[in-house]
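Each remark here refers to the structure printed beneath this line.
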Amino acid sequence: MNDQNNPDVGGLMMQRRREFDDTGLLRLPSAIPEPQACAMREKLWAELEKKYHFRPDAPEGWREGQVFGLQQVGRAGGFAGMMSPALCAVLDDLFAPDGWERPAQWGTPLVTFPFRGRRWEVPHQTWHLDTYGGLGVQRTLGEVTVFAFLDSVCAQGGATVAVIGTHRLIHELSAGSKTKIRSADGRRLLAQIHPWLRDLWSEEDSETRKQRFMEEGAVVRGVPVKVVEITGQAGDIVVMHSSVLHTPSLNCCGKPRIVVRQSVIRAKTR
């Protein structure tokens, strides 16, 4: 994948770049070798057992919902394996070689255990953009969010849900602005331009939300938008534009969602 002289590789990179530009998401199947994904997953389960007495073979002892306080694994270098050659090649393509800052520590765990007896719905709360570190929205790509799957995450299994295409709308709405757009500003601007977006964080019409937002979608100012779940298999990576609107969702499957997240930013010009 790093062989830029290979026409097949070059064509694949162009296809992936178009996918990213259109949707704000770029999927990299099997980007992390299986042994490395398994090793990272085992380290995370060891930390879960140490802190919460959770074991993968004892679901009766799991607590419902998201689990926090697992950063020590990343601080100790336990998730360095997510920086695979496949991911680095894509980041080089998005930012240019040596155009992105290597994180000092890789990976913040996103672990959500199943809810019992709950019905999955398209969320209406906590929709936001990833505009950390004072970066805001920039004229060139300034930041991406990387999701590395340490285990499979199925539909309705606690995945991050995202509105594909919203990064294009944010770019248009922020054009000419002399100040950087923050997450709350971006959401407000989106709500002003189309009722489909405004209704996304409304509690009304809960019975039709999945059909309206995930199946039908909408076209806003010529941009197709739709809610998708960021699912994947162990070893997969998904790269998300920082201006894609997204939020957590309920885990209504029988296994925990085990993903590691990392923000990657453009290197500062010297």
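The opening position of the sequence shown corresponds to residue 1002 in the working numbering, with each subsequent residue numbered one higher.
Heads up, the beta-carbon is just placed ideally off N, CA and C, and yes, glycines get one too.
Nearest C-alpha to residue 1142 among 1121, 1148, 1095 and 1115: 1095. Inclusion of residue 1117 and residue 1065 in the CB contact set at 8 Å is warranted, their separation being smaller than that value.
Residue range 1026-1029 is occupied by the beta strand (DSSP E) that includes residue 1026. Using a Cβ distance threshold of 8 Å, residue 1032 and residue 1237 count as a contacting pair. Residue 1021 is positioned such that its CB atom lies no closer than 8 Å to that of residue 1029. Residue range 1167-1174 is occupied by the alpha helix (DSSP H) that includes residue 1172, with no beta strand (DSSP E) assigned at that position. Bridge partners of residue 1219 according to DSSP: 1226. Burial check for residue 1196: the Cβ neighbour count within 10 Å stays below 16, so the residue is exposed. Considering only 1222, 1203 and 1084, the residue with the shortest C-alpha distance to residue 1262 is 1084. Sequence-distant partners of residue 1174 (beyond 5 residues in either direction) whose C-beta falls short of 6 Å from its own C-beta, in its chain, are 1190. Of the residues assessed, residue 1188 falls on the buried side of the cut-off, its CB having 16 or more other CB atoms within 10 angstroms. The beta carbon of residue 1210 sits closer than 7 Å to the beta carbons of 1122 and 1123 from its chain, once the five residues preceding and following it are set aside; these are given in chain order.
The stretch 1157-1168 and the stretch 1239-1257 touch, with no fewer than 3 CB-CB distances between them shorter than 8 Å. With a minimum length of 3 residues, the unbroken runs of beta strand (DSSP E) contained wholly in the stretch 1019-1090 fall at 1026-1029 and 1066-1068.
Comparing C-alpha distances from residue 1062 to each of 1186, 1053, 1034 and 1244 shows the shortest one belongs to 1053.
Bounds of any alpha helix (DSSP H) do not take in residue 1149; it lies within the beta strand (DSSP E) bounded by 1144-1150.
Shown here, residue 1111 sits in a strand according to DSSP, grouped into three states.
Annotated three-state conformation of residue 1248 is strand, per DSSP. Secondary-structure assignment with DSSP links residue 1233 through a beta bridge to 1154.
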